[in-house]
Amino acid sequence: MTCKIIPIFIPHQGCSNRCVFCNQYRTVGGQPEEITETFFEQTVSAHLRTLKHNGIRRQIAFYGGNFTGMDEAYQTKLLRMANAFIQKGLLHSVRISTRPDCINSAQIDFLRSFHVATVEIGAQSLSDDVLLLAGRGHSSADVIRATQQLRAKGMETGLHLMVGLPGDNLMQFSSTIEKAIGLKPDMVRIHPTIVFQDTALAQEYFRGAYKPLSMLDAIDYCKYAVLEFEKAHIPVIRLGLQTTPEMEAPGAILAGPYHPAFGSLVQEAIFLDMASKLLTSAQSRKEIAFHVSIKDEPNLRGHGNINIKKLKENFALNKIDIYANNDQERGSLMLVMDGRTSRINKCDLIC
Ligand code: SF4
Numbered sequence: 021m022t023c024k025i026i027p028i029f030i031p032h033q034g035c036s037n038r039c040v041f042c043n044q045y046r047t048v049g050g051q052p053e054e055i056t057e058t059f060f061e062q063t064v065s066a067h068l069r070t071l072k073h074n075g076i077r078r079q080i081a082f083y084g085g086n087f088t089g090m091d092e093a094y095q096t097k098l099l100r101m102a103n104a105f106i107q108k109g110l111l112h113s114v115r116i117s118t119r120p121d122c123i124n125s126a127q128i129d130f131l132r133s134f135h136v137a138t139v140e141i142g143a144q145s146l147s148d149d150v151l152l153l154a155g156r157g158h159s160s161a162d163v164i165r166a167t168q169q170l171r172a173k174g175m176e177t178g179l180h181l182m183v184g185l186p187g188d189n190l191m192q193f194s195s196t197i198e199k200a201i202g203l204k205p206d207m208v209r210i211h212p213t214i215v216f217q218d219t220a221l222a223q224e225y226f227r228g229a230y231k232p233l234s235m236l237d238a239i240d241y242c243k244y245a246v247l248e249f250e251k252a253h254i255p256v257i258r259l260g261l262q263t264t265p266e267m268e269a270p271g272a273i274l275a276g277p278y279h280p281a282f283g284s285l286v287q288e289a290i291f292l293d294m295a296s297k298l299l300t301s302a303q304s305r306k307e308i309a310f311h312v313s314i315k316d317e318p319n320l321r322g323h324g325n326i327n328i329k330k331l332k333e334n335f336a337l338n339k340i341d342i343y344a345n346n347d348q349e350r351g352s353l354m355l356v357m358d359g360r361t362s363r364i365n366k367c368d369l370i371c
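The number in the numbering used here is simply the position in the sequence shown, starting from 1, with 20 added.
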């Protein structure tokens with residue numbers, strides 16, 4: 021069932037320390053210090069008014085801090101507010117994000133008693149060296165234990181991962197992806213490391229000790245991760261940070277591969293690879309037509325038709341026809357050329 025998430029942000033609340041890359045005041049925008057009943061009801065009601073039909077799973081989500089690291093009385097207060105909407109049948113369940121070292125068996129039981137169905141864990145990496153340099157204050161063993169405990173108690177679980185953290189490299193990142201897949205989360209989010217103002221990473225960047233990934237490298241890392249997760253049937257529900265006005269304010273982002281539509285750039289890169297692979301193995305290249313799902317057409321074309329321009333240039337083509345339709349499976353591409361048909365799926369890029 022489609023899930024509509026109504027987010028309530030609790031920036032940095034429950035954080036035992038400040039991770040080197042993190043500035044939630046920039047990434048989640050201006051939020052009240054304390055969530056009052058009035059603020060909560062107004063925010064949730066405003067979101068509910070925009071939902072037109074009932075066949076949608078509606079979750080309230082507490083994001084931007086460590087929910088289970090907060091004082092238990094405040095957790096209870098927030099969960100009671102959410103449960104009042106659940107009891108009226110207006111929401112289905114609650115989702116939280118938290119640190120892996122703030123999860124234990126008793127906390128999971130506590131969350132379950134308040135209809136928390138989904139827990140997103142800030143893992144960021146599964147390399148202990150990288151976690152240390154990121155100032156996370158927990159180990160990869162904490163991520164593994166927390167994920168396993170949540171799954172054992174029937175919780176839906178998500179993992180947040182980052183690319184381009186200090187000390188990370190392709191080999192360690194591949195190992196992180198492999199370990200993350202082994203944990204069988206229900207979903208993942210991946211975003212590149214961005215150098216925000218007022219962070220320890222900004223100081224490292226200014227003294228030349230941290231070099232962010234280039235946009236092309238960040239796309240390549242994420243492309244690899246997306247394909248591996250898709251092969252394992254684990255949905256990547258978000259690529260890149262959600263843009264906020266605070267993030268886009270002058271001086272907020274100092275460096276790093278930031279783009280407001282980063283996820284689209286990754287999907288476009290995947291479709292360019294798919295189209296190139298089909299064309300490379302083609303016998304002749306006279307009348308070229310690609311068939312693609314309507315939803316994937318923008319990914320095939322790329323921003324400003326950049327992929328089409330690249331394909332024409334790389335394969336000396338004068339014209340490429342594109343037929344977008346509902347019958348074509350998402351994530352697949354069909355090439356029709358001189359009456360012959362060939363087809364590729366995303367996962368064929370790595371199988
Ligand atoms: S990444 Fe998470 S744990 Fe670290 S400072 Fe930010 S909100 Fe707190």
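All C-beta atoms in this analysis are idealised placements derived from N, C-alpha and C, irrespective of residue type, glycine included.
Q.
With a threshold of 7 Å (Cβ to nearest heavy atom), would Gln95 be considered close to ligand 3?
A. Judged by which ligands are present, ligand 3 is missing from the structure shown, whose ligands are ligand 1.
Q: Check each residue's C-beta against every heavy atom of ligand 1 and list, in chain order, those closer than 6 Å.
A: His32, Cys35, Arg38, Cys39, Cys42, Gln44, Gly85, Asn86, Arg119, Gly142
Q) Can you tell which of Ile370, Arg363, Ala229 has the C-alpha that lies nearest to the C-alpha of Leu299? A) Arg363
Q: Taking only the alpha-carbon atoms, compute the straight-line gap between Arg78 and Thr63 and give it to the nearest angstrom.
A: 14 Å
Q: Could you pull the start and end residues of the beta strand (DSSP E) that Arg115 belongs to?
A: 113–118
Q: Compare the beta carbon distance of Ser313 and Arg350 with 8 Å and say whether it is the shorter of the two.
A: yes
Q: Please go through the same chain and pick out, in chain order, the residues whose beta-carbon is closer than 7 Å to the beta-carbon of Leu98, but skip the five residues on each side of it.
A: Ile55, Phe82
Q. Per the contact definition of three or more C-beta pairs closer than 8 Å, is the segment 100–111 in contact with the segment 129–138?
A. yes
(Q) As an exercise, report each continuous beta strand (DSSP E) stretch of at least 3 residues that is fully enclosed by the segment 333–369, in chain order. (A) 340–345, 352–357, 360–365
Q. Which partner residues does Tyr83 have in the DSSP bridge list?
A. Phe29
Q: Grab me the residues of Asp341's own chain with a C-beta within less than 6 Å of its C-beta, minus the 5 sequence neighbours each way, in chain order.
A: Ala309
Q: Would you mind reading off the limits of the beta strand (DSSP E) that contains Ile308?
A: 308–313
**Q.** Own chain, CB closer than 7 Å to Val286, minus 5 neighbours either side, in chain order
**A.** Ile239, Cys242, Lys243, Val246, Leu259
Q) When you compare only the Cα positions, how much space is there between Ile273 and Ala302? A) 44 Å
**Q.** Endpoints, beta strand (DSSP E) assigned at Pro277
**A.** Element bounds for Pro277: n/a, residue is neither H nor E.
Q.
Check for me: the beta strand (DSSP E) holding Pro212 runs from which residue to which?
A. 207–212
Q.
Excluding the 5 residues flanking Ser125 on each side, which residues of the same chain have their C-beta closer than 7 Å to its C-beta?
A. Gln169
Q) Is it the case that the Cβ atoms of Gly75 and Phe29 are separated by a distance below 8 Å? A) no
Q. Less than 8 Å separating the beta-carbons of Gly178 and Val208?
A. yes
Q: Let me know the secondary structure DSSP gives Gly324 once reduced to three states.
A: helix
Q. How about Met182 and Ser145: do their beta carbons lie closer than 8 Å?
A. yes
Q) Are Leu221 and Val40 close, meaning C-beta to C-beta below 8 Å? A) yes
Q) Mapping DSSP to helix, strand and coil, what is Arg227? A) coil
(Q) Quick check on Arg78: does DSSP put it in helix, strand or coil? (A) strand
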